[in-house]
Ligand code: GLA
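In my numbering, the protein residues as written are 1075 to 1493.
Below, the structure written as structure tokens:
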């Protein structure tokens, strides 16, 4: 294909891919927000966003599950809040400190949820106060079914009571899982939870976690602020790829206040290379994903190579700015040279476009982004590299760069105005 030849001219390495190269359709000119205007793959228009005025940009924070599983405690949460400040994560925009499964142990005879008093001796209200005293926000996990995934009490038929309890404790964010929900209807149960939160008297971000099993990208926008699109992430490259390929399909459903959730980050947990973690973070940002760190934040303050690398990734403000852009459009795949070379693009509020040149292959490979595929009207644009933090100059029609194996080059492309 012609565009493919232009894009890859001079690089014999990938000559075999030319015939298969596909330009997947340009971004709409003028960068209109996608939300509500285009049909999704099921042909239905997403419903309007939940009306709680929260999460107008994708939520940023930390969640205990990926690194700590059930090993949660008051001490861990206090130390994590401290580290969120000391590591620069708070300055970079991370706010929510969320305790996932296993904080709860029982209900009282009148149905009141009871926190584990061994692990959380001070109680949840005092812990929330501490997190708030750091200028951060506090989140908890529950389940819309009868028990959580780890067998703790679920919120089924306790939704109003639990929402009132969370509000009294000072909870700002609730993640609601879907284990042990046999015979229940997801759309109905999550709407019950939404209404309970709305009546709680406190603004609480509502995170739906039913793993994409009941098409939440269709009803999620009118129900919650974010909804998981897939099963659980793990700290492996294959997991990142598989979640990317699924979650990206629902890009049309995302808009301010309502986001597809490809699951929490694994950056810093040790199972991938730094190139892979940079790719994971860049792709989550281009997808306007919630950025919930899933590593041990306490390790990030150390003066070690690993801590520095993790900090450089999770606090890259230029990449975070793409994720948090106020236009609120989820980026999508715009160039694909199967099976392994891709360009992903996200229109931004200032008229520029962010692009991720993504190399899924096992050797470093040049990739070029065609400005036409970004929907730019001019042939000339300036390019800034968001990982090297360098202005690369002015380019006509395309920009190409060598991309590491399992890695990305992430750029911001700003069209030069025509005179
Ligand atoms: C499910 C969720 C995870 C986590 C665990 C906790 O698997 O998808 O994100 O909350 O439950 O048990």
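Even for Gly, the Cβ is constructed at its ideal location relative to N, Cα and C.
If you follow the alpha helix (DSSP H) that residue 1382 is in, where does it begin and where does it stop? For the purposes of this step, residue 1382 is identified with residue 308 of the chain shown, where counting begins at 1. Element bounds for residue 1382: 1379-1388.
Own chain partners of residue 1252 with C-beta closer than 8 Å, once the 5 adjacent residues on each side are dropped: Residue mapping note: residue 1252 aligns to position 178 of the chain shown, counting from 1. Same-chain partners within the cutoff: 1217, 1218, 1219, 1260, 1283, 1284, 1285 and 1287.
Could you give the distance in angstroms between the alpha-carbon of residue 1110 and the alpha-carbon of residue 1327? In the chain shown, the residue the question calls residue 1110 occupies position 36. In the chain shown, the residue the question calls residue 1327 occupies position 253. Residue confidence is low: residue 1110 scores 27 on pLDDT, short of 50, so the model does not pin down where it sits. No coordinate-derived value is stated.
Residue 1123 beta carbon less than 8 Å from that of residue 1332: For the purposes of this step, residue 1332 is taken as the residue at position 258 of the chain shown. For the purposes of this step, residue 1123 is taken as the residue at position 49 of the chain shown. Contact flag set, yes.
What do you get for residue 1384, buried or exposed, if any count of 16 or more other CB atoms within 10 angstroms of its CB means buried? As a position in the chain shown, residue 1384 is number 310, starting the count at 1. Residue 1384 comes out buried.
First and last residue of the beta strand (DSSP E) that includes residue 1465? Here residue 1465 refers to the residue found at position 391 of the chain shown. Bounds of the beta strand (DSSP E) holding residue 1465 are 1464-1470.
Could you give the DSSP three-state label for residue 1489: helix, strand or coil? Here residue 1489 is taken as the residue at index 415 of the chain shown, counted from 1. The answer is strand: DSSP assigns residue 1489 an E or B state.
Residue 1490 versus 1471, 1480 and 1456, residue with shortest Cα-Cα distance: Taking the first residue of the chain shown as 1, we reach residue 1490 at position 416. The option with the nearest alpha carbon to residue 1490 is 1456.
Using the three-state DSSP reduction, which class does residue 1191 fall into: helix, strand or coil? As a position in the chain shown, residue 1191 is number 117, starting the count at 1. Residue 1191 sits in coil when the DSSP states are folded into three classes, being neither helix nor strand.
Have a look at residue 1237 and residue 1470 and give me their C-alpha separation to the nearest angstrom. For the purposes of this step, residue 1237 is identified with residue 163 of the chain shown, where counting begins at 1. For the purposes of this step, residue 1470 is identified with residue 396 of the chain shown, where counting begins at 1. Our two residues, residue 1237 and residue 1470, have alpha carbons roughly 55 Å apart in a direct line.
Put residue 1197 into one of helix, strand or coil per three-state DSSP. To locate residue 1197, count along the chain shown from 1; it is residue 123. Reduced to three states, the DSSP call for residue 1197 is helix.
Decide if residue 1200 is buried, meaning its Cβ has at least 16 other Cβ atoms within 10 Å, or exposed. The residue given as residue 1200 occupies position 126 in the chain shown. The residue is exposed, with fewer than 16 neighbouring Cβ atoms inside 10 Å.
Bridge partners for residue 1173 per DSSP, in chain order? As a working mapping, residue 1173 is identified with position 99 in the chain shown. DSSP lists 1214 as partners of residue 1173.
Nearest to residue 1390 (by Cα), restricted to the options 1138, 1190, 1484 and 1203: The residue you call residue 1390 lines up with position 316 of the chain shown. Proximity to residue 1390 across 1138, 1190, 1484 and 1203 peaks at 1484, based on C-alpha coordinates.
Identify which residue in 1132, 1476 and 1142 has its Cα closest to the Cα of residue 1369. Taking the chain shown and counting its residues from 1, one reaches residue 1369 at position 295. The closest CA to that of residue 1369, considering only 1132, 1476 and 1142, is found on 1142.
Is residue 1337 helix, strand or coil when you go by DSSP? For the purposes of this step, residue 1337 is taken as the residue at position 263 of the chain shown. Residue 1337 falls in the coil class under three-state DSSP.
Residue 1273: buried (16+ other C-beta within 10 angstroms of its C-beta) or exposed? The residue labelled residue 1273 in the question sits at position 199 within the chain shown. Flag for residue 1273 reads exposed.
Using the three-state DSSP reduction, which class does residue 1481 fall into: helix, strand or coil? As a first step, residue 1481 must be located in the chain shown, where it is residue number 407. Residue 1481 falls in the strand class under three-state DSSP.
Give a yes or no on whether the C-beta atoms belonging to residue 1439 and residue 1454 are separated by under 8 Å. Stepping through the chain shown from its first residue, residue 1439 is reached at position 365. Stepping through the chain shown from its first residue, residue 1454 is reached at position 380. The Cβ atoms of residue 1439 and residue 1454 do not sit closer than 8 Å to each other.
Looking only at C-alpha atoms, which of 1433, 1363, 1405 and 1191 sits nearest to residue 1149? Counted from its first residue, the chain shown places residue 1149 at position 75. Comparing Cα-Cα distances from residue 1149 to each of 1433, 1363, 1405 and 1191, the minimum goes to 1191.
In three-state DSSP terms, what is residue 1418? The count along the chain shown starts at 1 and reaches residue 1418 at position 344. Three-state DSSP puts residue 1418 in a strand.
Would you call residue 1262 buried or exposed, if buried means 16 or more other Cβ atoms sit within 10 Å of its Cβ? Position 188 of the chain shown, counted from the start, is the residue given in the question as residue 1262. Burial call: exposed.
Nearest to residue 1228 by alpha carbon, out of 1185, 1206 and 1268? In the chain shown, residue 1228 corresponds to position 154, counting from 1. Per the C-alpha coordinates, the member of 1185, 1206 and 1268 positioned closest to residue 1228 is 1185.
Do you know offhand how far residue 1435's Cα is from residue 1265's? Position 361 of the chain shown holds residue 1435. Position 191 of the chain shown holds residue 1265. In a straight line, the C-alpha of residue 1435 is about 42 Å away from that of residue 1265.
Any non-hydrogen atom of the ligand GLA within 7 Å of residue 1398 CB: For this step, residue 1398 is matched to residue 324 along the chain shown. No - the ligand GLA has no heavy atom lying nearer than 7 Å to the Cβ of residue 1398.
Outcome for residue 1340 when other beta-carbon atoms lying within 10 angstroms are tallied against a minimum of 16: For the purposes of this step, residue 1340 is taken as the residue at position 266 of the chain shown. By the neighbour-count rule (16 or more Cβ atoms within 10 Å), residue 1340 is buried.
Does the beta-carbon distance from residue 1161 to residue 1347 come in below 8 Å? The residue you call residue 1161 lines up with position 87 of the chain shown. The residue you call residue 1347 lines up with position 273 of the chain shown. At least 8 Å separates the beta-carbon of residue 1161 from that of residue 1347.
Coarse secondary structure for residue 1124, derived from DSSP in three states: For the purposes of this step, residue 1124 is taken as the residue at position 50 of the chain shown. Reduced to three states, the DSSP call for residue 1124 is coil.
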